[in-house]
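Contents: one structure, followed by commentary.
Residue numbers (my numbering): 571 to 837.
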């Protein structure tokens with residue numbers, strides 16, 4: 571059995587990006603750990619915060635609930651603040667993840683990797699799917715942490731399949747739905763969404779875990795805009811959107827394998 575560390579920018583990112591792989595790995599007996607770079611302090615503030623409760627408190631509690639849904643054994647935090655969206659003044663805040671020195675953040679992550687004797691580390695693709703400052707920073711910190719860790723783990727990068735997204739949008743429009751989303755258009759950093767399929771190495775079928783993915787998302791109920799949008803999807807749209815998770819793995823031969831990256835036959 572292996573220990574897999576999933577490194578995410580904010581609480582709720584795991585729900586929409588890797589919850590299926592987390593649940594699958596956990597069910598197979600692997601130790602699953604999630605590490606959040608930030609507390610998501612600039613997310614949506616719910617109306618029902620208790621006296622003295624902060625958004626950070628709420629989102630930490632939601633992360634723990636999500637972990638129970640996915641079977642995650644440990645939730646860890648690097649301790650940085652959410653940097654906000656691209657161009658926000660919070661990008662320059664001294665305690666933001668965006669402003670953190672890469673070596674400092676990577677040292678914190680490497681300490682967790684060493685403590686867990688991690689076999690696999692899951693980060694993000696080179697531009698964090700859509701260019702969010704914290705997501706881009708996750709990519710850089712992921713690879714630096716593997717250099718600082720006592721034992722360098724295998725690294726995979728979570729990504730979105732741009733070609734699959736394009737096909738889904740086209741199908742939705744053909745069915746009469748007006749989706750204001752173009753995966754080929756400029757995202758936060760001016761680049762298209764995710765990664766072309768030709769550059770992706772793993773397509774993991776997590777359709778057996780869709781109920782667990784939904785439960786992970788529902789745990790983050792304070793984030794109404796994103797999570798509410800996902801929850802309002804018709805079942806067939808939700809299942810098609812989240813039934814496969816995609817990963818890039820540097821050094822592998824070109825070509826997307828439809829399989830599980832933890833299977834001995836595929837690894």
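In this text, a Cβ means the ideal position worked out from N, Cα and C, and glycines have one as well.
Worksheet item: Any beta-carbon of chain B closer than 8 Å to the one on residue 753?
Response: In summary, chain B is missing from the structure at hand, where a single protein chain is found.
Worksheet item: What is the residue span of the beta strand (DSSP E) that residue 775 lies within?
Response: 772-775 is the extent of the beta strand (DSSP E) around residue 775.
Worksheet item: Among 813, 749 and 627, which one has its Cα closest to the Cα of residue 612?
Response: Ranking the options by Cα distance to residue 612, first place goes to 627.
Worksheet entry | Run of the alpha helix (DSSP H) containing residue 812, from where it starts to where it stops | 805-812
Worksheet item: Across which residues does DSSP place residue 608 in a beta bridge pair?
Response: 650
Worksheet item: Is it true that the stretch 687-696 meets the stretch 717-729, where meeting means three or more beta-carbon pairs spaced less than 8 Å apart?
Response: yes
Item to complete: Could you say which of 647, 762 and 807 lies nearest to residue 708 if we only look at CA atoms?
Response: Comparing C-alpha distances from residue 708 to each of 647, 762 and 807 shows the shortest one belongs to 647.
Item to complete: Compute the distance between the beta-carbons of residue 672 and residue 642, then report whether it is under 8 Å.
Response: For the 8 Å CB-CB criterion, residue 672 and residue 642 do not form a contact.
Worksheet item: Candidates 832, 819, 792 and 822: which alpha carbon is nearest residue 846's?
Response: Summary: the structure shown does not reach residue 846, with the chain confined to residues 571 through 837, and so no result is reported for it.
Discussion item. Whether or not the stretch 591-598 and the stretch 650-662 are in contact is what I'm after, with contact meaning three or more pairs of Cβ atoms, one per stretch, closer than 8 Å; do they touch?
Written reply: No: the two stretches stay apart, fewer than three of their Cβ pairs being nearer than 8 Å.
Item to complete: Specify the secondary structure class of residue 614 as computed by DSSP and reduced to three states.
Response: Coil.
Worksheet item: By the 10 Å Cβ neighbour count, where 16 or more other Cβ atoms means buried, how is residue 787 classified, buried or exposed?
Response: Flag for residue 787 reads buried.
Worksheet item: On the premise that residue 645 lies in contact with residue 604, defined as a C-beta separation below 8 Å, what is that separation, rounded to the nearest angstrom?
Response: 6 Å
Discussion item. Is residue 602 near the ligand SAM - that is, is its Cβ less than 7 Å away from at least one heavy atom of it?
Written reply: The ligand SAM is not part of this structure, which contains no ligands at all.
Worksheet item: In whole angstroms, what is the alpha-carbon distance linking residue 669 and residue 663?
Response: In a straight line, the C-alpha of residue 669 is about 7 Å away from that of residue 663.
Fill in: 8 Å Cβ shell around residue 701 - same chain, five flanking residues per side excluded
656, 757, 758, 759, 760 and 761
Worksheet entry | Top-ranked residue by Cα proximity to residue 632, from 607, 591 and 585 | Residue 585 is the option with its Cα nearest to residue 632.
Worksheet item: Going along the chain, which residues of its own chain have a beta-carbon closer than 7 Å to the beta-carbon of residue 661, five neighbours each way excluded?
Response: 653, 654, 668 and 703
Worksheet entry | residue 683 versus residue 745 - alpha carbon distance | 46 Å
Worksheet item: What is the C-beta distance between residue 815 and residue 588, in whole angstroms, given that I count them as a contact (C-beta under 8 Å)?
Response: 6 Å
Worksheet item: Between the Cα of residue 774 and the Cα atoms of 705, 679, 831 and 578, which residue gives the shortest distance?
Response: 831
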